[in-house]
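A.B. asks: Number 227 in our numbering belongs to position 228 of the sequence shown; there are no gaps in the numbering.
Yeah, the Cβ is synthetic: ideal placement off N, Cα and C, and Gly gets one too.
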Amino acid sequence: MKVICVKNGKGGDGKTVFSLNLAALLAKEGKVLLIDTDPRCHSSNFMIKNENVPVTGTIEKGNLGEWITGKKSADEVIRKSAFSNLDFIACSDDLDDYVKELEKKRIMSMAGRNLKECIEVIEGRYDYVVIDCSQNVTTIDVNVLVASDFALIPVKCGLSSMDGCFEMLDWIEQVQTLNPDLDYKIVMNDREKNKEAEEIENKARGLWNDKVCKTTIRHQSKPLTKSIRTGIPVVYEHRTPSEVKRTTIADDFINLVKELTQYGC
């Protein structure tokens, strides 16, 4: 079972869209669990919109905070999505309260193993676990990095996003003392066709070389807007014969997953 987290030290880099489409594509290859660790709950809201249970049943379902504190078991917090082979665990806006509860009891250790130990319980049930992270670096984020085999860092082609990437790489280096096998790749995400974006991408490739994926995810607002409206990941969208002839952001995600698979992610 591979555990992959999607994280950058800056907001607005498309982490949630990235996580959702990565999970959706991997679900075509095997069983996937998507875990939302962002208290803003963007991926949770997207998945709940398509949850394969009556709306009234979603309230009774557990969340990430209840799982890591031991209040509910994995079976009580894992939800079935409307998409084949794709389950998810929702976050809640009071996640920090659950974390503080653990810290107060001194159960949430510096080693950040709480989430890792939870994930180990479901070993063998899934082929992939994809974790959608917040932009912050908190106790739960350290837990995520300790639990992960691989970190994907989506970087929008802008200077502030580069700063977030530097911050993220610093954190990975620190966490590697706790999780020495943690590997990572950087992905140029939401890449527009202009000179500034080209310069930023060239700078990133010059700095981090083969740690930057060859595949870039293009800026394409129309399919993303439709995806948010319909609640269907862009990689699942039906395409007409004329649309199939044109490459889209969905093709970028498909090519990225192929590249990551070849790399060993």
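For a test of the three-state rule: what should DSSP assign to A203, helix, strand or coil?
C.D. replies: It is helical.
A.B. asks: Just to confirm, are S42 and D131 a CB contact at a threshold of 9 Å?
C.D. replies: yes
A.B. asks: Report buried or exposed for G69, applying the criterion of at least 16 other Cβ atoms within 10 angstroms of its Cβ.
C.D. replies: exposed
A.B. asks: Cβ atoms of L25 and Y127: under 9 Å apart, would you say?
C.D. replies: yes
A.B. asks: Do you know offhand how far G267's Cα is from F45's?
C.D. replies: Coverage of the chain is limited to positions 0 through 264, which leaves residue 267 absent and any answer about it impossible.
A.B. asks: Enumerate, from N- to C-terminal direction, the unbroken alpha helix (DSSP H) stretches of 4 or more residues contained entirely within the segment 72-97.
C.D. replies: 73-76
A.B. asks: What ranges does the alpha helix (DSSP H) occupy inside the segment 110-174, keeping only unbroken runs of at least 4 residues that lie completely in it?
C.D. replies: 113-120, 138-146 and 158-174
A.B. asks: Less than 8 Å between C-beta atoms, sequence neighbours within five positions excluded: which residues of the same chain meet that for V54?
C.D. replies: Note that V54 scores 41 on pLDDT, short of 50, meaning its location in the model is unreliable; the coordinates nonetheless yield the value given after this. Excluding positions up to five away in sequence, the list is empty.
A.B. asks: Assuming M187 is part of the beta strand (DSSP E), what are its boundary residues?
C.D. replies: For M187, the enclosing beta strand (DSSP E) covers residues D182 to N188.
A.B. asks: Confirm, please, whether the CB-CB distance from K6 to M151 is below 9 Å.
C.D. replies: According to the sequence provided, residue 151 is Leu. The question's Met does not apply to it. Yes, they are a contact pair.
A.B. asks: Assuming K115 contacts A146 under a Cβ cut-off of 8 Å, what Cβ separation, rounded to an integer in Å, is found between them?
C.D. replies: 4 Å
A.B. asks: Determine the extent of the alpha helix (DSSP H) in which I231 is found, giving its start and end residues.
C.D. replies: Unbroken run through I231: none, as it is neither H nor E.
A.B. asks: At what residues does the alpha helix (DSSP H) containing L63 begin and finish?
C.D. replies: L63 to I67
A.B. asks: So, at 6 Å on beta carbons, what are the nonlocal neighbours of V256 in its own chain, with the 5 sequence-adjacent residues on each side left out?
C.D. replies: L24
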